[in-house]
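These protein sequence lines map, in sequence, to chains A and B. Each position in the first sequence, counted from 1, maps to that position plus 501 in the working numbering. Each position in the second sequence, counted from 1, maps to that position plus 501 in the working numbering. No residue lacks a Cβ here, since even glycine has one placed at the ideal position from N, Cα and C. Since this is a predicted model, take the numbers as computed values, not measurements. These notes are about the structure you will find just below.
2 protein chains.
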Amino acid sequence: MISRSAYLSAEERREVTVETVIDLAAEQNPTDITTGAIAKRMGVTQGALFRHFPSKDAILQAVMEWVSERLLTRIDKATSAAVSPLDALEAAFTAHIEFISEHPGVPRMLFGELQRAEQTVAKRMAHTLIQRYGERLGRLVAEGKERGELAATLDDKAAVTLFIGTIQGLVMQSLIAGDVKRIRASAPGAFELYRRAVEAAR
Amino acid sequence: MISRSAYLSAEERREVTVETVIDLAAEQNPTDITTGAIAKRMGVTQGALFRHFPSKDAILQAVMEWVSERLLTRIDKATSAAVSPLDALEAAFTAHIEFISEHPGVPRMLFGELQRAEQTVAKRMAHTLIQRYGERLGRLVAEGKERGELAATLDDKAAVTLFIGTIQGLVMQSLIAGDVKRIRASAPGAFELYRRAVEAAR
DNA sequence: TGATAGATAGTAACTAATTACTAGCTTTTG
DNA sequence: CAAAAGCTAGTAATTAGTTACTATCTATCA
């Protein structure tokens with residue numbers, strides 16, 4: 502609950518900052534989101550940001566933390582309700598697309614962090630997130646193969662890479678079209694193809 | 502031919518500049534490639550760049566031009582030697598991966614340009630490149646369906662998106678691993694999955 | 001209940017570094 | 001010698017981050 506008083510609490514301000522950065526990332530190149538731009542969007546001076554964060558990288562760290570928690574939680578929730586590994590993969594796919602539709606800045610922040618040359622904390626966090634995500638997917642793929650639902654000859658790593666790539670392809674499409682909402686419409690068709698790629702022959 | 506004299510000709514300098522930018526993009530975030538960094542890498546002062554390019558965006562334009570020409574030429578050459586649409590898709594895939602292995606900065610530049618908020622000329626050129634690329638792929642897919650080589654029920658657009666996504670997935674993997682060369686090893690497995698996704702049932 | 005003190009949220013105006021870009025001059029080349 | 005390539009030394013704008021200050025909130029105590 503955000504209080505209605507003139508000042509926000511430290512916790513509230515941190516929360517609002519993170520959400521503002523993700524908002525901004527939907528509109529512009531993540532690497533040129535300046536502290537000034539963040540502050541302006543929040544209706545606060547630039548200096549005020551540094552009351553709550555020691556550095557810009559600390560802000561980006563908080564963003565990555567926010568993303569990690571929310572995304573993985575959603576994926577876990579979605580997959581746990583599934584009745585089979587393939588069903589779980591589809592649920593994860595849909596949940597991920599849903600998440601991106603709500604927060605189009607997220608994939609851009611992630612990719613932006615990964616592109617960094619310097620080894621910042623935020624970059625390492627992006628790294629970890631994708632690794633954890635990949636592990637979850639890998640487990641589903643392995644289980645699917647065991648159950649005979651996915652092709653026995655399937656290369657696990659390639660299956661995980663393609664899963665993420667499929668989503669990234671959609672993101673790129675939306676980047677080109679300049680229309681994030683369309684990603685939702687294209688998602689089912691994209692997953693249909695993915696399913697064909699990994700499913701056991703029937 | 503690059504002359505061995507103290508000064509390069511205008512044409513040579515432009516060429517070297519473009520290659521330097523692509524080199525740098527392999528190592529750092531494309532958006533923070535500064536004119537100073539480009540000049541330093543070339544062993545020239547920063548001001549000298551502006552003898553040959555009116556602005557930084559003009560440099561990026563030249564880069565996108567370079568990429569467009571080279572990439573599309575390679576793809577065309579690769580597909581023209583193929584004996585069937587699916588074979589052509591594989592050839593295009595391999596050629597693209599080959600190109601990326603040689604110039605890891607290229608996908609990063611492209612994605613970087615697409616992420617831009619401002620409508621620069623370079624961004625529009627990136628746009629056009631991908632569009633043209635997509636058209637070529639779309640034609641192959643349509644032809645493959647006609648010939649019964651690809652699934653008749655296949656969604657053409659989704660097939661094109663997945664093709665590009667598959668490559669992007671590999672790029673992301675290499676970004677995470679910090680090892681561009683590995684992309685070559687993973688490529689065949691990735692295309693195998695793509696083939697399963699689009700191929701007609703046998 | 002109300003005054004007040006301590007803590008905290010926020011501001012304004014800096015700094016030092018970096019950015020793209022320019023002007024005027026010197027060196028090289030054909 | 002003249003044109004072109006390069007250099008030196010700047011510019012103004014923008015960046016992350018700092019500092020000294022003020023506004024606001026909250027808890028305590030008479």
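- The C-beta distance from residue 663 (chain A) to residue 595 (chain B) rounds to 17 Å, too long to meet the 8 Å contact threshold.
- Apart from sequence neighbours up to five positions away, the residues of its chain that approach residue 643 (chain A) with a beta-carbon distance below 7 Å are 657, ordered along the chain.
- When beta bridges are read from the DSSP output, residue 651 (chain A) appears opposite A:700.
- Per DSSP, residue 553 (chain A) is one residue of the alpha helix (DSSP H) stretching across 547-553.
- Relative to residue 636 (chain A), the option among A:509, A:521, A:659 and A:650 whose CA is nearest is A:659.
- Within the model, the alpha-carbon separation for residue 681 (chain B) versus residue 526 (chain A) is close to 27 Å.
- For residue 673 (chain A), at least one C-beta of chain B is nearer than 8 Å to its own C-beta.
- With respect to the C-alpha of residue 673 (chain A), the residue from A:620, A:524 and A:609 having the closest C-alpha is A:609.
- For residue 640 (chain A), not one C-beta of chain B is nearer than 8 Å to its own C-beta.
- In the structure shown, residue 597 (chain A) falls within a helical segment according to DSSP collapsed to helix, strand and coil.
- For residue 569 (chain B), no Cβ of chain A is located within less than 8 Å of the residue's own Cβ.
- Assignment of residue 639 (chain B) by DSSP, reduced to helix, strand and coil, places it in the helix class.
- Under the 8 Å criterion on CB atoms, residue 612 (chain A) is classed as interfacial with respect to chain B.
- Around residue 563 (chain B), the same chain offers 515, 518, 519 and 554 as residues with beta carbons nearer than 8 Å, after the five sequence neighbours per side are excluded.
- Rounded to whole angstroms, the gap between the alpha carbons of residue 621 (chain A) and residue 618 (chain B) is 24 Å.
- Within the region 517-544 of chain B, the residues whose Cβ lies closer than 9 Å to any Cβ of chain A are, in chain order, 528, 529, 530, 531, 532 and 533.
- If you draw a straight line from the Cα of residue 589 (chain A) to the Cα of residue 603 (chain A), it comes to about 21 Å.
- For residue 645 (chain A), no Cβ of chain B is located within less than 8 Å of the residue's own Cβ.
- The beta carbons of residue 540 (chain A) and residue 546 (chain A) sit closer together than 8 Å.
- Within the model, the alpha-carbon separation for residue 578 (chain B) versus residue 624 (chain B) is close to 26 Å.
- The CB of residue 653 (chain B) never comes closer than 7 Å to any CB in chain A; the least such distance is about 13 Å.
- Residue 632 (chain A) sits exposed, since fewer than 16 C-beta atoms from the chains shown fall within 10 Å of its C-beta.
- Inclusion of residue 697 (chain B) and residue 698 (chain A) in the CB contact set at 8 Å is warranted, their separation being smaller than that value.
- Listed along chain A, no residue sits closer than 8 Å to residue 561 (chain B) by beta-carbon distance, the nearest being about 13 Å off.
- Residues 607 of the same chain have their beta carbon placed closer than 6 Å to that of residue 568 (chain B), with the five preceding and five following residues left out of the count.
- The C-beta of residue 521 (chain B) has 16 or more other C-beta atoms within 10 Å across all chains shown, which makes the residue buried.
- The three-state reading of DSSP puts residue 621 (chain B) in coil, since its state is none of H, G, I, E or B.
- Straight-line measurement puts the Cα of residue 537 (chain A) at about 11 Å from the Cα of residue 551 (chain A).
- For residue 701 (chain B) against residue 650 (chain B), the beta-carbon gap comes to about 6 Å, under 8 Å, which counts as contact.
- The beta carbons of residue 688 (chain B) and residue 671 (chain B) sit about 6 Å from each other, so the pair counts as a contact at 8 Å.
- Burial is judged here by how many other beta carbons sit within 10 angstroms of a residue's own beta carbon; residue 613 (chain A) has at least 16 and is buried.
- Neighbours of residue 670 (chain B) in chain A, taken as residues at a C-beta separation under 7 Å, are given in chain order as 662, 663, 665, 666 and 669.
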